[in-house]
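Engineer:
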Amino acid sequence: MSKKQKYRVATLILAVTIMGLSYNIFITRSLPALKLFGPSKTVAIDPGHGSIDKGAVHEETGVAESPINLAVAVQLKQMLKRQKYNVILTRDKETTEKVSNCKELQRRIDLASKSEADILVSIHANKYPDPQYYGAQCFYNPQKQESKQLALLIQEELKNMDPENIREAIPQDLYILRESPMPAVLVEMGFLSNPKDRERLQDPTYQKKMAQCIEKGIKRYYAGDSPVRTPEYN
139 MSKKQKYRVA TLILAVTIMG LSYNIFITRS LPALKLFGPS KTVAIDPGHG SIDKGAVHEE
199 TGVAESPINL AVAVQLKQML KRQKYNVILT RDKETTEKVS NCKELQRRID LASKSEADIL
259 VSIHANKYPD PQYYGAQCFY NPQKQESKQL ALLIQEELKN MDPENIREAI PQDLYILRES
319 PMPAVLVEMG FLSNPKDRER LQDPTYQKKM AQCIEKGIKR YYAGDSPVRT PEYN
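Under the working numbering, the residues of the sequence shown are numbered 139 to 372, in order.
(1) Using the Cα positions of S178 and C351, report the straight-line distance between them to the nearest angstrom.
(2) Spatial neighbours of G158 within its chain, please: CB distance less than 6 Å, with the 5 preceding and 5 following residues excluded, ordered by chain position.
(3) Might you give, ordered along the chain, the residues of its own chain that have their beta carbon closer than 8 Å to the beta carbon of D363, omitting 5 neighbours on each side?
(4) Based on the DSSP output, what are the partners of G188 in its beta bridges?
(5) Rounded to whole angstroms, what is the Cα-Cα separation between N239 and G188?
(6) Determine whether the beta carbon atoms of P185 and I257 lie at a separation below 8 Å.
(7) Where V259 and P269 are concerned, what is the direct C-alpha to C-alpha distance, given to the nearest angstrom?
(8) Under the assumption that Q120 contacts Q345 (Cβ atoms under 8 Å), give the Cβ distance between them as a whole number of angstroms.
(9) What residue does the beta strand (DSSP E) around I352 start on, and which one ends it?
(10) Give me, in chain order, the residues of the same chain whose beta-carbon lies closer than 8 Å to that of P267; leave out the 5 immediate sequence neighbours on both sides.
(11) Should the stretch 287-307 be called in touch with the stretch 241-250, which here means at least 3 C-beta pairs below 8 Å?
(12) Taking DSSP as the reference, what is the three-state secondary structure of S204?
(13) For M299, which residues from the same chain have a beta carbon less than 7 Å from its beta carbon, with the 5 sequence-adjacent residues on both sides left out?
(14) My parser needs the beta strand (DSSP E) runs of 3 or more residues fully inside the stretch 304-339; what are they?
(15) For Q213, which three-state DSSP category applies?
(16) Nearest CA to the CA of Y313: which residue from T199, P342, Y278?
Here is the structure:
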């Protein structure tokens with residue numbers, strides 16, 4: 139092979155190599171992160187109620203669920219973000235427009251849907267006329283098996299934190315659970331009407347523990363875990 143032919147071959151090899159590298163760089167830059175690093179995990183967190191709508195309120199003390207819901211939701215968001223989850227809050231402050239309850243709930247559902255959330259977790263606190271009732275509890279739409287799975291896993295973590303809690307995740311026909319296109323659960327963190335629950339729910343340390351329980355349940359759901367025990371409900 140002459141020097142001229144060798145030069146042409148070397149030039150051709152170099153050109154092919156450069157083209158290959160350029161193609162790889164183009165593909166790497168063009169492909170969405172989802173394809174390169176695995177499926178994304180997007181969680182919508184709904185801190186129930188909001189400034190105008192205080193939600194459950196303990197009349198004697200004036201303790202309202204709305205700011206408690208938001209405090210736990212913000213902590214949960216921070217925890218999930220550290221685990222590389224995409225997180226959407228349906229509200230991030232104690233102000234909302236004065237609209238009907240259904241319109242506000244639908245706005246939150248639409249926000250979660252537009253954000254392509256995989257799941258929706260609505261955070262609340264309960265109240266009942268009889269102050270003896272206590273304990274955190276999850277609710278789900280009985281028509282959605284994945285919602286049930288998520289609720290059962292979160293409920294297990296809530297009971298692990300508080301062995302005195304005998305409550306189980308149960309089906310409930312609630313607007314946000316029924317109308318959400320993605321798996322959705324509603325977490326009632328306790329009863330403001332119960333003195334012990336009310337005191338704990340105002341404690342930032344306990345709020346963090348509550349957020350950790352919900353986080354653990356969410357992570358188990360994404361990992362494909364099964365609940366240890368399934369209650370006899372639909």
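Glycine included, every Cβ here is placed at the ideal spot set by N, Cα and C.
Structural biologist: On the basis of the supplied data:
(1) Straight-line measurement puts the Cα of C351 at about 22 Å from the Cα of S178.
(2) Any reading at G158 must be qualified, since the residue scores a pLDDT of 46, below 50, and its modelled position is unreliable; no value is offered.
(3) So the qualifying residues of the chain are L291.
(4) Beta-bridge pairing links G188 to D191.
(5) Approximately 11 Å between the Cα atoms of the pair.
(6) Between P185 and I257, the C-beta spacing is not below 8 Å.
(7) Take the alpha-carbon of V259 and the one of P269: they are about 26 Å apart.
(8) Since the first and last residues shown for the chain are 139 and 372, residue 120 lies out of range.
(9) Looking at the DSSP string, I352 is not in any beta strand (DSSP E); the run it does join, the alpha helix (DSSP H), is 342-361.
(10) S331.
(11) By the C-beta criterion, the stretch 287-307 is judged not to be in contact with the stretch 241-250, since fewer than 3 inter-stretch pairs fall below 8 Å.
(12) Per DSSP, reduced to three states, the secondary structure at S204 is helical.
(13) The beta carbon of M299 sits closer than 7 Å to those of K347, C351, all from its chain and outside the five residues before and after it, given in chain order.
(14) Listed in chain order, the complete beta strand (DSSP E) runs (minimum 3 residues) inside the stretch 304-339 are 322-329.
(15) Helix, per DSSP.
(16) The shortest C-alpha to C-alpha distance from Y313 to any of T199, P342, Y278 is the one to Y278.
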